[in-house]
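**Q** Below is one structure. I have some questions about it.
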């Protein structure tokens, strides 16, 4: 779901920040993984660990899927 919505946005990482602040999608592992993939694509590596940590603390599901990618 997330990738199909972000391809129409000029600044998809800003969209994820807005959604995160509003608590939208924060319990879904795919939200964090897609956000981190966008950050990686834009070479914004410093933020990736922090985003995964937020997802893990939130207990996003499926947790194992998020844990595998956060390592």
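Numbering (my numbering), first residue to last: 12 to 82. Don't be surprised by glycine CBs; every beta carbon is placed ideally from N, CA and C. Given the structure is predicted, the values throughout are model-derived calculations rather than measurements.
So who's on the other strand from residue 72, going by DSSP bridges?
**A** Residue 72 is bridged to 39.
**Q** Thinking C-beta only, is residue 63 closer than 8 Å to residue 77?
**A** Yes, they are a contact pair.
**Q** For residue 54, which three-state DSSP category applies?
**A** Three-state DSSP puts residue 54 in coil, outside helix and strand.
**Q** Count the other CB atoms, across all protein chains shown, that sit within 10 Å of the CB of residue 47; report buried if there are 16 or more and exposed otherwise.
**A** Burial call: buried.
**Q** What did DSSP end up calling residue 47 once you bin it into helix, strand or coil?
**A** Reduced to three states, the DSSP call for residue 47 is helix.
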